[in-house]
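Just below is one structure, and these are the notes that go with it.
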Amino acid sequence: MTDYAVEAQGLVKEFGDVKALNGIDLVVPRGKVVGLLGPNGSGKTTTVRILATLLKATAGSAKVNGFDVKSQSDDVRRSIGLTGQYAAVDEFLTGRENLTMFGGLFHLDKKYVAERSDELLGKFDLTDAADRPAKTYSGGMRRRLDLAASLIAKPGILFLDEPTTGLDPRSRIGLWNVIAELVAEGTTVLLTTQYLDEADQLADDIVVIDHGQVIAHGTSSQLKDQIGGDRLEITLDDEAQSPNAVTALASVVSGEATTSGANYSAPVAGGSPVLIEAVRALDSQNIGVADIGLRRPTLDDVFLTLTGHGAEDQRPESPEPSRRGRRGGRR
Amino acid sequence: MSAPTIQAQRPVLGWTIHDALIIARSTITASFRIPEALFFQLIQPVIFVLLFAFVFGGAIPIPGAEPGSEADASLYRQYLMPGIFGQTVAFAAAASTVGLAEAMQRGIIDRYRALPMSQPAVLIGNTFANAIRQILVLTVLSITGYIVGWRINDGILNAILAYLLLLLFAYTVTWVGAFVGLSVPNTETANTAGLIWIFPLTFLSNAFVPITALPTWLQYFAAFNPISALVQATRELFGNPTGAPTDFWTLNNAALYTVISCVVVIAIFAPLAVRKYRTAASK
């Protein structure tokens, strides 16, 4: 048995004239979470579908749990759980009936399935809804049921294809907690996502793909380092003071500043001391500050730097570093 | 909690049956959770009975009674019911088409395909469930028929054979329906594509009009149409009027021709549907 739960080499997939994958190499070490990050149509789902034996690669090879996806597909299927982009449960069956059905189709013992269903329903907070048709579930509940269904046989390897797409923020965080728990119990996860914060939150390693090719991989912080260090970001009280701020901070920051309205942004070298220096410099010039902080580049920035376009496909906004990435910016 | 307990090994065919029964049971359970859909599935053939019995009944002469007489209308109802039975089981195909197209679109098929289960079992179970559902439909239809004057005239044993023949036919067409459902790009198309081929097939037959009333070139088509044979066979087995005799072998050996047609159609469409299922990428 190898140390890798998933090993793929040179995966190519052509749909007619369209080359969906153009030589993907990927490894997922056992017990780790690898995030496959890319915009819509980049080849994430195709990769997962090949690894889950749903599609055959045009070229290249892949092993899952040491089994070849082409020649040992049944062994692969016994090793994995798959949760796709849609909650693939029968919505007219109850939660429990769905789990019983999938357990039966996994050829598991009836008594085991009954116990395991109870356990999973409890764990995913579905006990109260267990005997209601899945049709009546909220989006988050359906995804949790879907995840429970893929865990019925306790697979060591879990493929999660955009598990939180379309969920409201609260359900997303709920699902993240569930996934984090599974990982803590030793499950290997290959996760695809187009949400940078999701990869950031869950994945040990991130593989960035675009147009069917791997364009970068590493840990979240390695990827962030790749595009440079921290940035000093300030919101001024008064927009008119923005040129003064640029002058006042010229000796504090390490590169060229950009301003937009009352917002100021510039790269800096060094950590918190820079922040103190900046506050002093602004204070001595009587420049009022509404908000000030150091921000590590987000994966959004990484994506823009690597691909020249945002993570969400064809995003029309200008390539400014996103303000949404501000969370936790002050260190 | 302990490691998952796997059931004792079985031969491939054993697993196929095991998995198909699970799928069939789930499909049937699910259909009872949508009482509205079930209601309309039942009401449609009932409306057909009433329409044909009371609207067209007097206009279609059946040999053996004075045209336009009360005896003629009653005779037509006897003649009509097996036609409605045949038409109804033919429509069972549409349920398969829509069901599978939906399962495909919603990603359930993907989940099945990623399981270490027998893959043909998904289709075997689905078609089987659709045929079983027809038992309920045929029951409601028979009661409606009885109310408008249809009778079983040739003993219970023959009647059971007639119903079995109808169920075999239902099972057969659901394979065609399954193939169509796996071939269409989405559920919207499935709703139309599922029905479009059934209409001409049921009307270009002896289901509602004696075959001798059709233009000659259509008579040939209608005579080889398995629905005609099915309807002819059920008329004979129920002891209902069959219309004027014809020279067509298919209609003079109706039950045999029906069974042969069913075997041939399943032999063609079951492998086609399974192949389609294996290669289908979810849309």
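Residue numbers (my numbering), protein chains in the order written: chain A, 1 to 331; chain B, 1 to 283. Beta carbons: idealized from backbone N, C-alpha and C, even for Gly.
With DSSP as the reference, label GLY29 (chain A) as helix, strand or coil.
Position 29 of the first sequence, counting from 1, holds the residue named residue 29 (chain A). With the sequence shown as reference, residue 29 (chain A) is identified as Pro, and Gly is not the correct amino acid for it. The answer is strand: DSSP assigns PRO29 (chain A) an E or B state.
In chain B, which residues lie with their C-beta within 9 angstroms of the C-beta of GLY212 (chain A)?
What you label residue 212 (chain A) is simply residue 212 of the first sequence in a count that begins at 1. Ordered by position in chain B, no residue passes the 9 angstroms Cβ test against GLY212 (chain A), which lies about 16 angstroms from the chain.
Anticipated Cβ contact below 8 angstroms, LYS32 (chain A) with ASP225 (chain A), distance rounded:
Here residue 32 (chain A) refers to the residue found at position 32 when the first sequence is read from its first residue. Here residue 225 (chain A) refers to the residue found at position 225 when the first sequence is read from its first residue. That pair is no contact at about 20 angstroms.
Does ASP19 (chain B) have its Cβ less than 9 angstroms from a Cβ in chain A?
Sequence index remark: in the second sequence, residue 19 (chain B) carries index 19 (1-based). At least one chain A Cβ lies under 9 angstroms of ASP19 (chain B).
Any C-beta of chain A sitting closer than 9 angstroms to the C-beta of PRO45 (chain B)?
Position 45 of the second sequence, counted from the start, is the residue given in the question as residue 45 (chain B). Chain A, which has no Cβ nearer than 9 angstroms to the Cβ of PRO45 (chain B), makes this no.
Measuring only the C-alpha atoms, how far is LEU288 (chain B) from ALA24 (chain B)?
Nothing in the structure corresponds to residue 288 (chain B), since chain B is present only between 1 and 283.
Nearest neighbour of ASN98 (chain A), chosen from B:GLU36, B:LEU195, B:VAL46, B:THR29 [CA to CA]:
As a first step, residue 98 (chain A) is located in the first sequence; it is residue number 98 there, counting from the start. Measuring from the Cα of ASN98 (chain A), the nearest candidate turns out to be B:THR29.
With a threshold of 9 angstroms between beta-carbons, can THR188 (chain A) be considered close to chain B, or not?
Along the first sequence, one-based indexing puts residue 188 (chain A) at 188. Chain B, which has no Cβ nearer than 9 angstroms to the Cβ of THR188 (chain A), makes this no.
Endpoints, the beta strand (DSSP E) within which LEU158 (chain A) is located
Translated into positions along the first sequence, residue 158 (chain A) becomes position 158. Start and end: 157-161.
By the three-class DSSP mapping on this structure, what secondary structure does ASN191 (chain B) have?
Taking the first residue of the second sequence as 1, we reach residue 191 (chain B) at position 191. It is helical.
Along the chain, where does the alpha helix (DSSP H) that runs through TYR195 (chain A) open and close?
Residue numbering aside, residue 195 (chain A) sits at position 195 when the first sequence is read from its first letter. Note, TYR195 (chain A): premise wrong, no alpha helix (DSSP H); not H, not E.
Take the Cβ of ILE43 (chain B) as the centre, count every other Cβ of all protein chains shown within 10 Å, and call the residue buried at 16 or more, exposed below.
Walking along the second sequence from the start, residue 43 (chain B) turns up at place 43. Per the 10 Å Cβ criterion, exposed.
So that I know if they touch, is there some Cβ in chain A lying closer than 9 angstroms to that of SER282 (chain B)?
For this step, residue 282 (chain B) is matched to residue 282 along the second sequence. With a pLDDT of 46 at SER282 (chain B), under the threshold of 50, the modelled position of that residue is not reliable, and no figure is offered here.
Please report the straight-line C-alpha distance between LEU175 (chain A) and THR100 (chain A), rounded to a whole angstrom.
Mapped onto the first sequence, residue 175 (chain A) falls at position 175. Mapped onto the first sequence, residue 100 (chain A) falls at position 100. Whole-angstrom Cα-Cα distance: 22 angstroms.
Within the continuous beta strand (DSSP E) that includes PRO11 (chain B), where are the two ends?
Taking the first residue of the second sequence as position 1, residue 11 (chain B) is located at position 11. Neither: PRO11 (chain B) is in no beta strand (DSSP E) and is coded neither H nor E.
Assign ASP39 (chain A) to buried or exposed, taking buried as 16 or more other Cβ atoms, counted over all protein chains shown, within 10 Å of its Cβ.
For the purposes of this step, residue 39 (chain A) is identified with residue 39 of the first sequence, where counting begins at 1. The question names Asp, yet the displayed sequence has Pro at residue 39 (chain A). Buried, because 16 or more other Cβ atoms sit within 10 Å of the Cβ of PRO39 (chain A).
Straight-line gap, THR258 (chain A) to THR192 (chain A) (C-alpha atoms, nearest Å):
By one-based count along the first sequence, residue 258 (chain A) stands at place 258. By one-based count along the first sequence, residue 192 (chain A) stands at place 192. So the two alpha carbons sit approximately 34 angstroms from each other.
Extent of the continuous beta strand (DSSP E) run through ASP205 (chain A):
Within the first sequence, residue 205 (chain A) is the residue found at index 205, counting from 1. That run of the beta strand (DSSP E) goes 205-210.
Assuming SER137 (chain A) is part of the alpha helix (DSSP H), what are its boundary residues?
On the first sequence, residue 137 (chain A) is found 137 positions in, with the first residue counted as 1. The residue you asked about is not Ser; residue 137 (chain A) is Tyr in the sequence shown. That residue, TYR137 (chain A), is in no alpha helix (DSSP H); it is neither H nor E in DSSP.
Helix, strand or coil: which one does DSSP assign to GLU181 (chain A)?
Walking along the first sequence from the start, residue 181 (chain A) turns up at place 181. Three-state DSSP puts GLU181 (chain A) in a helix.
Integer-rounded CB distance, given that VAL268 (chain A) should sit under 8 angstroms from LEU37 (chain A):
The residue labelled residue 37 (chain A) in the question sits at position 37 within the first sequence. The residue labelled residue 268 (chain A) in the question sits at position 268 within the first sequence. At roughly 27 angstroms, the Cβ-Cβ gap does not stay under 8 angstroms, so LEU37 (chain A) and VAL268 (chain A) are not in contact.
Report yes if the CB atom of PHE52 (chain B) is closer than 9 angstroms to the CB atom of LEU138 (chain B), and no otherwise.
Residue 52 (chain B) sits at position 52 when you count from the first residue of the second sequence. Residue 138 (chain B) sits at position 138 when you count from the first residue of the second sequence. In this structure, LEU138 (chain B) does not lie closer than 9 angstroms to PHE52 (chain B) by Cβ.
In three-state terms, what does DSSP make of ASP3 (chain A)?
Against the first sequence, residue 3 (chain A) aligns to sequence position 3. Residue state, collapsed to three classes: coil.
What's the C-alpha gap between PRO245 (chain B) and LEU123 (chain B)?
Looking up residue 245 (chain B) in the second sequence gives position 245. Looking up residue 123 (chain B) in the second sequence gives position 123. Going from the Cα of PRO245 (chain B) to the Cα of LEU123 (chain B) covers about 39 angstroms.
Hey, ASP210 (chain A) and THR307 (chain A) are a contact pair by Cβ (cut 8 angstroms); roughly how many whole angstroms apart?
Start at 1 with the first residue of the first sequence, and residue 210 (chain A) comes out as number 210. Start at 1 with the first residue of the first sequence, and residue 307 (chain A) comes out as number 307. Contact holds; Cβ gap of about 5 angstroms.
Taking ARG106 (chain B) as part of the beta strand (DSSP E), name the residues at either end of that continuous run.
Within the second sequence, the letter at position 106 stands for residue 106 (chain B). Segment: none, ARG106 (chain B) is in no beta strand (DSSP E) and carries neither H nor E.
Start and end of the beta strand (DSSP E) containing ASN240 (chain B)?
On the second sequence, residue 240 (chain B) is found 240 positions in, with the first residue counted as 1. Note, ASN240 (chain B): premise wrong, no beta strand (DSSP E); not H, not E.
Starting from SER265 (chain A) and walking both ways along the beta strand (DSSP E), at which residues does that stretch end?
Reading the first sequence from its first residue, position 265 is the one you call residue 265 (chain A). Segment 263-267, the beta strand (DSSP E) holding SER265 (chain A).
Please compile the residues from chain A whose C-beta is within a distance smaller than 8 angstroms of the C-beta of THR127 (chain B).
Here residue 127 (chain B) corresponds to residue number 127 of the second sequence, with the count starting at 1. By Cβ distance, chain A contributes nothing, its closest Cβ being about 17 angstroms from THR127 (chain B), past 8 angstroms.
Which residues in chain B have a C-beta closer than 7 angstroms to the C-beta of THR165 (chain A)? List them in chain order.
Position 165 of the first sequence holds residue 165 (chain A). Under the 7 angstroms cutoff, chain B gives no residues; its nearest Cβ is about 12 angstroms from THR165 (chain A).
Uninterrupted alpha helix (DSSP H) stretches inside the region 85-159 of chain B (no shorter than 4 residues)
108-113, 120-148
Going by alpha carbons, who is nearest to LEU282 (chain A) out of A:GLU7, A:VAL246, A:GLY16?
Position 282 of the first sequence holds residue 282 (chain A). Per the Cα distances, A:VAL246.
Can you tell which of B:LEU237, B:ARG133, B:CYS262 has the C-alpha that lies nearest to the C-alpha of ALA162 (chain B)?
Against the second sequence, residue 162 (chain B) aligns to sequence position 162. Residue B:LEU237 is the option with its Cα nearest to ALA162 (chain B).
What residues are listed by DSSP as bridge partners for PHE67 (chain A)?
By 1-based counting over the first sequence, the position of residue 67 (chain A) is 67. BP columns for PHE67 (chain A) point to A:VAL64.
For GLY99 (chain B), does the count of other Cβ atoms within 10 angstroms reach 16, so buried, or fall short, so exposed?
Locating residue 99 (chain B) in the second sequence gives position 99, counting from the first residue. Classification of GLY99 (chain B): buried, given that the 10 Å Cβ count is 16 or more.
Using 8 angstroms as the cut-off, can you tell me whether the region 156-175 of chain A makes contact with the region 105-121 of chain A, which would need three or more C-beta pairs spanning the two stretches below that distance?
no
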